[in-house]
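S.K.: For reference, the structure I am asking about is given below.
Residue numbers (UniProt numbering): 1 to 187.
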């Protein structure tokens with residue numbers, strides 16, 4: 001857990017979004033989950049829940065970027081395997097109860113600022129995956145198309161695994177994405 005109250009609340013909100021969605025991520029739930037002092041929420045987030053949710057979405061994006069940086073210079077299969085691994089770990093660690101915090105807010109809010117940040121995280125993740133695949137020798141257009149397919153497929157696979165409380169749908173998608181990555185056209 002983070003070292004200061006603001007960071008703890010952001011991490012707590014990120015975790016709650018992953019398991020309970022936007023409606024289940026109330027300020028009181030964040031306070032309860034993190035042990036933060038009740039009065040601190042508006043001190044750290046004068047914009048209230050929306051500001052906290054934006055911070056949690058942005059943190060999710062940064063964590064994804066940091067994770068994927070581990071696979072810079074790897075083969076396309078290793079890059080895609082690494083991309084998949086973060087979601088596999090999330091599902092298994094939570095007994096299929098946690099998903100993507102960014103997806104959770106995307107499907108449950110019309111607040112433009114939150115949607116804009118979610119869009120930016122999805123775009124950034126696709127761009128990073130595209131760059132990494134292109135750097136690994138894949139044609140640029142194929143890398144971009146596959147990055148979109150991979151992100152959309154992984155998000156859908158997470159939803160299926162959560163709904164079924166079974167990793168199998170996720171593993172089916174994961175296996176196929178890695179196999180497809182191996183066959184992407186070289187530049």
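Note that beta-carbon positions come from the ideal geometry of N, C-alpha and C, so glycine has one too. All figures in this text were calculated on a predicted structure; none of them were measured in a lab.
Quick check on residue 35 - is its C-beta less than 8 Å from some C-beta in chain E?
M.R.: Among the chains in the structure shown there is no chain E, since it carries only a single protein chain.
S.K.: Just to confirm, is the Cβ distance from residue 50 to residue 111 under 8 Å?
M.R.: As a position in the chain shown, residue 50 is number 50, starting the count at 1. As a position in the chain shown, residue 111 is number 111, starting the count at 1. Yes, these two residues count as a Cβ contact at 8 Å.
S.K.: Alpha carbons only, please: which of 70, 170 and 113 is nearest the one belonging to residue 55?
M.R.: Stepping through the chain shown from its first residue, residue 55 is reached at position 55. Nearest of 70, 170 and 113 to residue 55, Cα basis: 113.
S.K.: Is residue 143 helix, strand or coil when you go by DSSP?
M.R.: Here residue 143 is taken as the residue at index 143 of the chain shown, counted from 1. It is helical.
S.K.: Residue 138 bridges to which residues according to DSSP?
M.R.: On the chain shown, residue 138 is found 138 positions in, with the first residue counted as 1. Per DSSP, 186.
S.K.: When the distance is taken between beta carbons, is residue 52 closer than 8 Å to residue 86?
M.R.: To locate residue 86, count along the chain shown from 1; it is residue 86. To locate residue 52, count along the chain shown from 1; it is residue 52. Taking 8 Å as the Cβ cut-off, residue 86 and residue 52 do not qualify as a contacting pair.
S.K.: Could you give the residue range of the alpha helix (DSSP H) that holds residue 17?
M.R.: Residue mapping note: residue 17 aligns to position 17 of the chain shown, counting from 1. Taken as a continuous stretch (DSSP letters only), the alpha helix (DSSP H) holding residue 17 covers 5-20.
S.K.: Inspect the beta-carbon positions of residue 105 and residue 17 and report whether they are closer than 8 Å.
M.R.: Here residue 105 corresponds to residue number 105 of the chain shown, with the count starting at 1. Here residue 17 corresponds to residue number 17 of the chain shown, with the count starting at 1. Contact flag set, yes.
S.K.: For residue 135 and residue 129, I'd like the C-alpha separation in whole angstroms.
M.R.: In the chain shown, residue 135 corresponds to position 135, counting from 1. In the chain shown, residue 129 corresponds to position 129, counting from 1. Whole-angstrom Cα-Cα distance: 10 Å.
S.K.: Given a threshold of 16 other Cβ atoms within 10 Å of its Cβ, counted over all protein chains shown, does residue 117 qualify as buried or as exposed?
M.R.: On the chain shown, residue 117 is found 117 positions in, with the first residue counted as 1. Its Cβ being crowded by 16 or more others within 10 Å, residue 117 is buried.
S.K.: Going straight from the alpha carbon of residue 142 to that of residue 148, what length do you get?
M.R.: Position 142 of the chain shown holds residue 142. Position 148 of the chain shown holds residue 148. Residue 142 and residue 148: Cα-Cα distance of roughly 10 Å.
S.K.: Between which two residues does the alpha helix (DSSP H) harbouring residue 85 extend?
M.R.: Position 85 of the chain shown, counted from the first residue, corresponds to residue 85. Looking at the DSSP string, the run of the alpha helix (DSSP H) that includes residue 85 is 76-93.
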